[in-house]
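Beneath this line is the structure, given in structure tokens, with notes to follow.
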Ligand SMILES: NC(=O)c1ccc[n+]([C@@H]2O[C@H](COP(=O)([O-])OP(=O)(O)OC[C@H]3O[C@@H](n4cnc5c(N)ncnc54)[C@H](OP(=O)(O)O)[C@@H]3O)[C@@H](O)[C@H]2O)c1
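This is how it looks when you write it as structure tokens:
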């Protein structure tokens, strides 16, 4: 079968992003993968690893340099893919906004820049080259988002779960968070740094609703990959003196299921948040994998 589905995965030089690229190439013969990375040496190494296992995929993968915090980098990446599309068939079918960081000692700004502004920046620059009908966007968020909303103040929760939430409201709430951090005493600063990951993912779930309204012909959803052993989570196991398996972490391949589901499932809606079991979850409280699917708005 010829290539009909080109898919960009950001932050794909390692971890879950790399596993998503690999799973798409191995199991979906109609796909072409743009492996996004901000460091091309690491990206090329990742491609080499994939091709050592799957040499037959050589013509179905290309490296795209993309730093999701940098407007120019995202624009250049979109231009490269636009040129690629012009010379070889259909537009981009899908984007997996996977790039993410867990924390930054420089303050909450960097985490928000990567985890929330990043997916916004990518869609702003890429929507014109996405397939106009049934193009897919997957925002990889986290159960930390609903966990954060389940214990934050009521106003934040109401804004970030409102179907009519706007990008301006999300941006404003992010600016408030940073302002609060800048003016806080040391003890509160530490708490805000600890919480910013969940806050950023709650904001990206809300962004998913905004994007779904803005681009009604696309299918734009968010998901958690589950608790997955990667460079992001290994330090957590080390801090607890336990192995990743003892902590309940799953393999990177298992972390691909929800993203792949949202790229491939025909009947999926738009503007929703999914658990790692590929069932819908609420955005303001945790639903365990295996618990009944969330049916609300
Ligand atoms: N692992 C889990 O249990 C878990 C749970 C819930 C959600 N998630 C989410 O899953 C996604 C992947 O996480 P992971 O566990 O695979 O982490 P990871 O192994 O640390 O990979 C993160 C990837 O994001 C890239 N990245 C970071 N900042 C970037 C930027 N500014 N521009 C472009 N790429 C950037 C990293 O590139 P470099 O190598 O250059 O740093 C790396 O490729 C993240 O969004 C994370 O929040 C993970």
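In our numbering, the protein residues as written are 901 to 1197. Backbone N, C-alpha and C define an ideal beta-carbon position, used for all residues, glycine too.
If you draw a 10 Å sphere on the C-beta of residue 940, you find fewer than 16 other C-beta atoms in it, and that means exposed. In the DSSP assignment, residue 1089 falls outside any beta strand (DSSP E) and lies within the alpha helix (DSSP H) extending over 1086–1114. The residue among 1059, 1147, 1076 and 1092 with its C-alpha nearest the C-alpha of residue 1105 is 1059. Of the candidates 1057, 1042 and 1043, 1057 places its Cα closest to the Cα of residue 1049.
Per DSSP, the unbroken alpha helix (DSSP H) holding residue 948 starts and ends at 940–953. Contact check for residue 1158 against residue 1178 passes: the beta carbons are separated by less than 8 Å. The C-beta distance from residue 985 to residue 917 rounds to 21 Å, too long to fall under 8 Å, and the pair is not in contact. Runs of the alpha helix (DSSP H) spanning 4 or more residues and lying entirely within the stretch 1035–1078 occur at 1044–1051 and 1054–1061, in chain order. Annotation for residue 942 indicates a beta carbon within 7 Å of some heavy atom of ligand 1. Counting only runs of 4+ residues, the alpha helix (DSSP H) found wholly inside the stretch 1136–1165 occupies 1157–1164, in chain order.
Beta-bridge annotation (DSSP): residue 1173 is paired with 1122. Around the Cβ of residue 1162, a 10 Å sphere holds 16 or more other Cβ atoms; the residue is buried.
Among the bridge pairs identified by DSSP, residue 997 is matched with 1039.
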